[in-house]
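Quick note on numbering: this note's numbering labels position 175 of the sequence shown as 161, and the sequence is numbered without any gaps.
For glycine and all other residues, C-beta sits at the position ideal for the given N, C-alpha and C.
Read through the structure below, which is laid out as structure tokens, and then see the notes.
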Amino acid sequence: MSVAWDGYTPFDPGVTRPLHELPRREARKAFDRLMAAKDDRKESLGRLLAANGVTLDDSDDGIQRLDDWFRDNVAGDARVDRLENIWYAVVNDISLFLGDTMIKRSPNLRWEFFTKGKRDVGYQRHVILGYTKVADPYYYVDIDMVVATYGIRIVADLETRRDMFVAVLAESQDYA
-13 MSVAWDGYTP
-3 FDPGVTRPLH
7 ELPRREARKA
17 FDRLMAAKDD
27 RKESLGRLLA
37 ANGVTLDDSD
47 DGIQRLDDWF
57 RDNVAGDARV
67 DRLENIWYAV
77 VNDISLFLGD
87 TMIKRSPNLR
97 WEFFTKGKRD
107 VGYQRHVILG
117 YTKVADPYYY
127 VDIDMVVATY
137 GIRIVADLET
147 RRDMFVAVLA
157 ESQDYA
């Protein structure tokens, strides 16, 4: 299937290195920039989906339609476990949408700039925190990493759930 990109432009984080490699101040600026652009990015995702016949909405059915569209279209190179660059931008936008949906469904959750443990994979990234039904007060979901990994598994033709996005939201509610 071919995606109608319809003028879609990726988010520019204003940094050129992975967030965990940046000085804290620079990584924090990238986080603040992303959070400030969140609504625009979700609108951009909505326009991209609309150009491809899908309506963006946060009901379970709407989330499933988003998942189906992603599964049918995500592209990359399975030999190197990598998505095509444009798809990382789409992953980012989907993650912002899903993260805000998680927060809407469980208001104790929140976006946070994660700074606990320099060796943690979520270090200096935008993650969802605020889970109350887990022992670890720093338990988080890096929804961006979840969606990217899902995309890589799809491209590699590995087994994946057909309702991954809905399942992630449900599990998040279980722990919130």
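Check: DSSP bridge partner residues for tryptophan 97 (one or two, in chain order); Outcome: Ile114
Check: First and last residue of the uninterrupted alpha helix (DSSP H) at valine 141; Outcome: 129 to 141
Check: Limits of the alpha helix (DSSP H) - the one that aspartate 43 falls within; Outcome: Unbroken run through aspartate 43: none, as it is neither H nor E.
Check: 7 Å Cβ cutoff met for asparagine 94 and glycine 116; Outcome: yes
Check: Of the listed residues Asn71, Asp86, Met21, nearest to aspartate 44 (C-alpha basis); Outcome: Asp86
Check: Beta-bridge partners of glycine 32, as assigned by DSSP; Outcome: Per DSSP, none; premise fails for glycine 32.
Check: Nearest-angstrom Cα separation, counted from arginine 51 out to leucine 31; Outcome: 13 Å
Check: Where leucine 20 sits in the DSSP three-state scheme; Outcome: helix
Check: Helix, strand or coil at arginine 27 [DSSP, three-state]; Outcome: helix
Check: Burial state of serine -12, where buried means 16 or more other Cβ atoms lie within 10 Å; Outcome: exposed
Check: Nearest residue (CA-CA) to threonine -5, options Arg14, Val77, Asp58, Glu12; Outcome: Val77
Check: Continuous alpha helix (DSSP H) stretch holding valine 154: start and end; Outcome: 150 to 161
Check: Integer Cβ distance of tyrosine 74 from alanine 162, believed to fall under 8 Å; Outcome: Contact flag wrong, Cβ pair sits at about 27 Å.
Check: Bounding residues of the alpha helix (DSSP H) (the contiguous stretch that carries serine 81); Outcome: 71 to 91
Check: Valine 113 to aspartate 130 span [Cα, whole Å]; Outcome: 8 Å
Check: For tryptophan 97 and arginine 105, the rounded distance between their alpha carbons; Outcome: 20 Å
Check: Segment contact, 8 Å Cβ cut-off, at least three pairs: the stretch 140 to 149 with the stretch 57 to 72; Outcome: yes
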